[in-house]
Amino acid sequence: MSSSAGTQSDSVLVLGGTGKVGSRLVPLLIEAGIPTLVASRSAKAPAGATGVKFDWDDESTWEPILVNPIKAVFLVASTSPDQSPIIKFIDIARAKGVRRFVLLSASSVEEGGPLMGATHKRLHELGDEGKIEWAVLRPTWFMQNFSEGYHVKTIKEENKIYSATGPGRIPWVSTEDIAAVGFRALTSPQPPNTDYLVLGPELLRYTDLAEIFTSVLGRKITYHELSEAELAERYQQIGVPAEYAAVLAAMDTAIRNGSEDRTSDVIRTVGGKEPRRFREFVEANKAIWS
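Under our numbering, the sequence shown is numbered contiguously, ending at residue 297.
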């Protein structure tokens, strides 16, 4: 457990604090002088925050992290289709005095839908009953999937990008921009009590991404199209559980059919910053694929 700045009164608890979004959110909270608890299986945290052990599969880790006064929780669910653990955790946290909850969901998941959709619905219900303050972040696909996910290996070793999206377009978003919206949702004086579609500024096909990588890296990167079944198999090969792999692959088919062909101004209006463009992301991280 690392040392924390100040007391833990009215802390913000960040579940998944070492993940793609949480690791960008935590520094914003520290910089603002907000006591921050970083929850993860490793219990690691950067200087200025407190690391606490947390595991969705081990309920004995839940209540101990709620001992000190916590004013807001950033919720990152497990990848299990069963969302009952996160809803149970919300009830435990409410009983401990937590007032605001901000859920990381996805643009492809509607309220009441699969995965985080059930939790989204429950937060909305509790909010309507006046029992909590809430927000749901629904970002589209992360740019960082190319710098921290399985795309790194195929770009470096094969000069290829794989997907089943075909001509479908995506408003790719940077995790720094998602974190900026999350920070405002957690700390704003007025409760958001809404969901935010967190979308990037450009609608790009995978063929467009391949062209950007080619231009920045100085070598030919090509897009290789897969079927939905082939993509699900690739996900399983890198350790994704079969059921979740099927859900992810089906999302690519939805993208092919236009599900992500939209943009929003949330990063500017809520996050208070200009959204990152995909070329900027590739230029800043080009050493990763060299």
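Virtual Cβ for every residue (Gly too), placed ideally from N, Cα, C. The structure presented is a predicted model; accordingly, all values stated were derived computationally and were not measured.
The Cβ atoms of Leu82 and Leu44 lie no closer than 9 Å to each other. Looking at the backbone, the Cα of Leu144 and that of Ile162 are separated by about 29 Å.
Separation of the CB atoms of Phe108 and Ile97 is rounded to 6 Å, and the pair is thereby assigned contact status at 8 Å.
C-alpha of Leu36 to C-alpha of Tyr242: approximately 34 Å in a straight line. Tyr251: member of the alpha helix (DSSP H) spanning 249–263, first to last residue. Only residues of its own chain outside the window of five on either side were considered, and among them none has a CB closer than 6 Å to the CB of Ser87.
Under the DSSP assignment, Thr214 falls in the alpha helix (DSSP H) whose first and last residues are 213–224. Listed in chain order, the non-local C-beta contacts of His231 below 6 Å within the same chain comprise Lys167, Tyr169, local neighbours out to five positions each way being set aside. Fewer than three Cβ pairs drawn from the region 190–199 and the region 221–235 lie within less than 8 Å of each other, which leaves the two stretches out of contact. In the DSSP assignment, Leu35 falls within the unbroken alpha helix (DSSP H) covering 29–38. The C-beta of Lys27 has 16 or more other C-beta atoms within 10 Å across all chains shown, which makes the residue buried. As DSSP reads the structure, His231 sits in a beta bridge with Tyr169. Here the C-alpha atom of Ala56 lies approximately 22 Å from the C-alpha atom of Gly278. Excluding the 5 residues flanking it on each side, Tyr157 has same chain C-beta neighbours closer than 7 Å at Ile245, in chain order. Ranked by Cα distance from Val116, the options Leu32, Arg286, Ile262 are led by Ile262. About 7 Å separates the beta carbon of Val254 from that of Pro121, a gap short enough to meet the 8 Å contact definition.
Here the C-alpha atom of Glu218 lies approximately 10 Å from the C-alpha atom of Arg212.
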